[in-house]
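First up is the structure itself, then whatever we jot down about it.
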Amino acid sequence: MRQRALGDPVSEGHRVWEWIQRVRPLHPCLDLWRPTADSPQEAEQSPPITQDHFLKHIQQAQVDWESESFGVAPAFSGQINQGNKLTLSFNMPNPGDASIGLMIGEALGAALDTSEDLADALMHTTASTFTPNTIGGLSRSDHPTRNLNRDGPYPFYYTPGWKMFFASDSPHHQRATQLATAIAPVGNGAIFTFGTPDTYPTILNQW
Numbered sequence: 019m020r021q022r023a024l025g026d027p028v029s030e031g032h033r034v035w036e037w038i039q040r041v042r043p044l045h046p047c048l049d050l051w052r053p054t055a056d057s058p059q060e061a062e063q064s065p066p067i068t069q070d071h072f073l074k075h076i077q078q079a080q081v082d083w084e085s086e087s088f089g090v091a092p093a094f095s096g097q098i099n100q101g102n103k104l105t106l107s108f109n110m111p112n113p114g115d116a117s118i119g120l121m122i123g124e125a126l127g128a129a130l131d132t133s134e135d136l137a138d139a140l141m142h143t144t145a146s147t148f149t150p151n152t153i154g155g156l157s158r159s160d161h162p163t164r165n166l167n168r169d170g171p172y173p174f175y176y177t178p179g180w181k182m183f184f185a186s187d188s189p190h191h192q193r194a195t196q197l198a199t200a201i202a203p204v205g206n207g208a209i210f211t212f213g214t215p216d217t218y219p220t221i222l223n224q225w
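What the sequence shown shows, in our numbering, is residues 19 to 225, in sequence order.
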């Protein structure tokens, strides 16, 4: 998932915290969020992360990086060593950019593969929380990746995904509409489904 920054990192942190609260009911492994730690043992002993602790993680990362451009992995959900890791970056690669990523663990990944309703709910919640910003998609890491040096960047803005969001004024909206197997309007655009978690690369190769 990717979004454009709305303001300073703390303001963005509040927005991401709101997103965490909204995705918690979607699946049991999204319910409990803990701060990232230096060891599995330390993570196991950590209490659930609070909003204050979450925002302090972001502020401390900016201090540690000594730069307006910085990244941080403030929290994770699910089981230790098998959970879902939240990553944030600010002013990277360009000033004013911000991004949020969720590295999905095995349990949530299996649930998303077998429940399109869950995948739709996760995408809809993300798009509606961060609208009108640029939202990315839901993709699997076991598909071959594009050789950017040889083949150039993807023709659309994001890494390819099973489900992808495009704003109504995006230059990619029309082509996404032509290739999608399902379209669900949300926020300032729509969530486009391209086949299944197994087949979406084949469909997107037609882009």
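Virtual Cβ for every residue (Gly too), placed ideally from N, Cα, C.
Being a predicted model, the structure only gives us computed values, none of them experimental.
Margin query: For Arg52, tell me which candidate among Asn206, Gly123, Phe88, Pro65 has the shortest Cα-Cα distance.
Written below: Sequence index remark: in the sequence shown, residue 52 carries index 34 (1-based). Comparing Cα-Cα distances from Arg52 to each of Asn206, Gly123, Phe88, Pro65, the minimum goes to Pro65.
Check: Looking at C-alpha atoms only, which residue of Gly179, Phe108, Gly205 is the closest neighbour of Glu84?
Finding: Position 66 of the sequence shown, counted from the start, is the residue given in the question as residue 84. Put simply, of Gly179, Phe108, Gly205 the residue whose alpha carbon is nearest the alpha carbon of Glu84 is Phe108.
Next item on the list: Decide if Ala145 is buried, meaning its Cβ has at least 16 other Cβ atoms within 10 Å, or exposed.
Entry: Stepping through the sequence shown from its first residue, residue 145 is reached at position 127. The residue is buried, with at least 16 neighbouring Cβ atoms inside 10 Å.
Next item on the list: Take Thr195 and list the residues in its own chain whose beta-carbon comes closer than 7 angstroms to its own, dropping the five residues that flank it on each side.
Entry: Along the sequence shown, one-based indexing puts residue 195 at 177. Correct list, in chain order: Ile201.
Next item on the list: Could you check what DSSP says for Trp83 in three-state terms: helix, strand or coil?
Entry: Indexing the sequence shown from 1 puts residue 83 at position 65. If DSSP states are grouped into helix, strand and coil, Trp83 belongs with the helices.
Notebook entry, point to check: Going by the beta-carbon positions, is the gap between Tyr176 and Gly205 smaller than 9 angstroms?
Noted result: On the sequence shown, position 158 is the one that residue 176 refers to. On the sequence shown, position 187 is the one that residue 205 refers to. At the C-beta level, Tyr176 and Gly205 stay beyond 9 angstroms of one another.
Checklist line | For Met19, the three-state DSSP class (helix, strand or coil) | finding: Residue mapping note: residue 19 aligns to position 1 of the sequence shown, counting from 1. Bear in mind that the predicted position of Met19 carries a pLDDT of just 48, short of 50, making it too unreliable to give a figure here.
Notebook entry, point to check: Should Cys47 and Leu126 be called a contact, given that it needs their Cβ atoms to be closer than 9 angstroms?
Noted result: In the sequence shown, counting from the first residue as 1, residue 47 sits at position 29. In the sequence shown, counting from the first residue as 1, residue 126 sits at position 108. Going by C-beta atoms, Cys47 is nearer than 9 angstroms to Leu126.
Notebook entry, point to check: Given that a residue counts as buried once 16 or more other Cβ atoms are within 10 Å of its Cβ, and exposed if not, what is Thr220?
Noted result: Along the sequence shown, one-based indexing puts residue 220 at 202. Label assigned to Thr220: exposed.
Next item on the list: State the DSSP-derived secondary structure class of Trp180, mapped to helix, strand or coil.
Entry: Stepping through the sequence shown from its first residue, residue 180 is reached at position 162. In the three-state reduction of the DSSP assignment, Trp180 falls in the coil class, being assigned neither a helical nor a strand state.
Checklist line | Rounded C-alpha distance that separates Phe17 from Ile122 | finding: Summary: the structure shown does not reach residue 17, with the chain confined to residues 19 through 225, and so no result is reported for it.
Checklist line | Whole-angstrom distance between Arg168 and Leu104, CA atom to CA atom | finding: Counting from 1 along the sequence shown, the entry for residue 104 is found at position 86. Counting from 1 along the sequence shown, the entry for residue 168 is found at position 150. Answer to the nearest angstrom: the Cα atoms are 31 angstroms apart.
Next item on the list: Identify which residue in Gly96, Ser188, Gln80, Gln97 has its Cα closest to the Cα of Gly89.
Entry: If you number the sequence shown from 1, residue 89 lands on position 71. Checking every option, the nearest Cα to that of Gly89 belongs to Gln80.
Note to self: Using only the alpha-carbon positions, how far apart do Arg33 and Gln192 sit?
What the structure shows: To locate residue 33, count along the sequence shown from 1; it is residue 15. To locate residue 192, count along the sequence shown from 1; it is residue 174. For the pair Arg33 and Gln192, the Cα-to-Cα distance works out to about 29 angstroms.
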